[in-house]
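Taking this note's numbering, the leading residue of the sequence shown gets 467, the next gets one more, and so forth.
Think of the CB as a built atom: it goes at the ideal place given N, C-alpha and C, for glycine as much as any other residue.
Here the structure is a predicted model, which means the values were calculated and not measured.
First comes the structure, then the notes that go with it.
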Amino acid sequence: MIRKCLFPVAGYGTRFLPATKAMAKEILPILDKPLVQYGVEEALQAGLDGMAFVTGRSKRAIEDHFDINYELEDQIRGTPKEAMLNGIRELIQKCTFSYTRQIQMKGLGHAILTGRTLIGHEPFAVVLSDDLCFGEPGGPGVLQQMVALYERQQCSIVAIEEVPRDQTSSYGVIAGTAIDERLLRVTDMVEKPKPEDAPSNLAIIGRYILTPDIFDIIEETPPGRNGEIQITDALLRQAKEGRVLAYRFKGRRFDCGSVEGYVEATNHCFDTFYQRP
Ligand code: G1P
């Protein structure tokens, strides 16, 4: 059973400066909801209720968001605005939130290792909240699809999608042997390869299920691309033992770490979900 979801949220969000100078990038809203709340909702929908954050300096707004704001709630009690907090109140009621700080930014692998104290020895999910993901209309969310797969396969899983060849240097890229039309057993994975070095155009997006032995592996993983400890390099060790699957999810993903993806996501959500007050 997977119960916990790890959110590495210590990154600076430099692609969104100056917006992220004093504000956490995870609090940037898509319509009226912060990005990180979409991630938590996706995890809860997948049946996970332990939300674990690896946070950093100037990220306090995330903790405040998943907490009660007595003054505000007192102000709007009994007014029509109260209903606007229903969604977040439900999350606070149904989930537990725990936090630990990443003191130095040494890469995604290092951030995940920092979360070990919150996860313990059990399989867990990882959500990178600037990848905003939606399942197909009426269907399960991306993490829910992956959790169902984990229940059958009991090994690490990365979500993938095809990207144009000239974009491989923005992603972890995998190679694998097909199990069925959506599933591959990973044989190789490379962090941010140049197009000519990429083993395919199948890019890892920010949804993972990891088995807990990954922590010991990360501890032994030397710095890789950009001098950072990469989760892709640690996962390659499991992949060499045939213990990583790559899953072409059903649905859509928006790269909200880029201005273009962020605008696209905003338009998509406006067209799909927005109800005029
Ligand atoms: C991270 C991972 C990369 C993955 C990407 C998905 O990179 O290192 O393997 O493809 O997330 O969004 P980042 O975007 O944090 O540089």
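At least 3 beta-carbon pairs within less than 8 Å: the segment 677 to 696 vs the segment 573 to 582: The answer is yes - the segment 573 to 582 touches the segment 677 to 696, with three or more Cβ pairs under 8 Å.
Reduced DSSP secondary structure (H/G/I, E/B, other) of C735: Three-state DSSP puts C735 in a helix.
beta-carbon I670 near ligand 1 non-hydrogen atom, thresh 6 Å: Correct: I670 has its Cβ closer than 6 Å to ligand 1.
Residue-level contact to chain C via CB, A512, 7 Å cutoff: As a matter of chain content, chain C is missing from the structure shown, which is built from one protein chain.
Nearest-angstrom Cα separation, counted from F519 out to A591: For A591 and F519, the distance between alpha carbons rounds to 12 Å.
Rounded C-alpha distance that separates L514 from F473: Spanning the two alpha carbons is a distance of roughly 13 Å.
Span of the beta strand (DSSP E), counted from its first residue to its last, around Y536: Element bounds for Y536: not the beta strand (DSSP E) but the alpha helix (DSSP H), 536 to 542.
Residue of D597, T480, T643, S595 minimising C-alpha distance to R709: Checking every option, the nearest Cα to that of R709 belongs to T643.
Burial state of H587 (16 or more Cβ within 10 Å): Classification of H587: exposed, given that the 10 Å Cβ count is below 16.
Coarse secondary structure for M550, derived from DSSP in three states: Secondary structure at M550: helix, using DSSP grouped into helix, strand and coil.
Paired residues, beta bridge with K470 - DSSP: Beta-bridge pairing links K470 to G516, F590.
Cβ contact (3+ pairs, closer than 8 Å) linking the segment 599 to 610 and the segment 627 to 641: Contact between the segment 599 to 610 and the segment 627 to 641 is absent, with fewer than three C-beta pairs closer than 8 Å.
Element boundaries [alpha helix (DSSP H), containing I626]: It is not in any alpha helix (DSSP H) - I626 instead sits in the beta strand (DSSP E) that spans 622 to 628.
Beta-bridge partners of E657, as assigned by DSSP: Per DSSP, G638.
Neighbour-count burial assignment, Y674, 16 or more Cβ in a 10 Å radius: Under this definition Y674 is a buried residue.
N-terminal and C-terminal residue of the alpha helix (DSSP H) that R582 is part of: R582 -> alpha helix (DSSP H) spans 582 to 585.
Distance between I697 and M467 (C-alpha atoms, nearest Å): C-alpha separation (whole angstroms): 22 Å.
Cβ neighbours of M550 in the same chain (closer than 6 Å, five flanking residues each side left out): Leaving aside the five residues that flank M550 on each side, none in its chain has a CB nearer than 6 Å to its CB.
I682 versus I670 - alpha carbon distance: It should be noted that the sequence gives Asp, not Ile, for residue 682. Their backbone Cα atoms lie some 22 Å apart in a straight line.
Closer than 6 Å: L574 CB and nearest ligand 1 heavy atom: A distance criterion of 6 Å places the beta-carbon of L574 in contact range of ligand 1, judged by its closest non-hydrogen atom.
Cβ shell of H531 (< 8 Å), same chain only, five flanking positions each side left out: For H531, where only same-chain residues beyond five positions count, the Cβ hits under 8 Å are I493, P500, V502, Q503, I554.
Span of the alpha helix (DSSP H) around D530: Counting along the chain, the alpha helix (DSSP H) containing D530 begins and ends at 526 to 531.
Sheet register partners of C599 (DSSP bridge): Paired residue(s): R719.
Simplified DSSP state of K558, which is helix, strand or coil: One detail in the question is off: residue 558 reads as Ile in this sequence, not Lys. Three-state result, I558: helix.
Paired residues, beta bridge with A712 - DSSP: Paired residues: V624, L650.
Spatial distance of A485 from L497 (CA atoms): Roughly 16 Å between the two C-alpha positions.
Endpoints, beta strand (DSSP E) assigned at A669: First-last of the beta strand (DSSP E) with A669: 668 to 676.
Proximity below 7 Å, CB of M612 to CB of C561: With respect to the 7 Å criterion, M612 and C561 are not classified as neighbours on the basis of their beta carbons.
Under the three-state DSSP convention, the category T480 falls into: Collapsing the DSSP output to three states places T480 in a helix.
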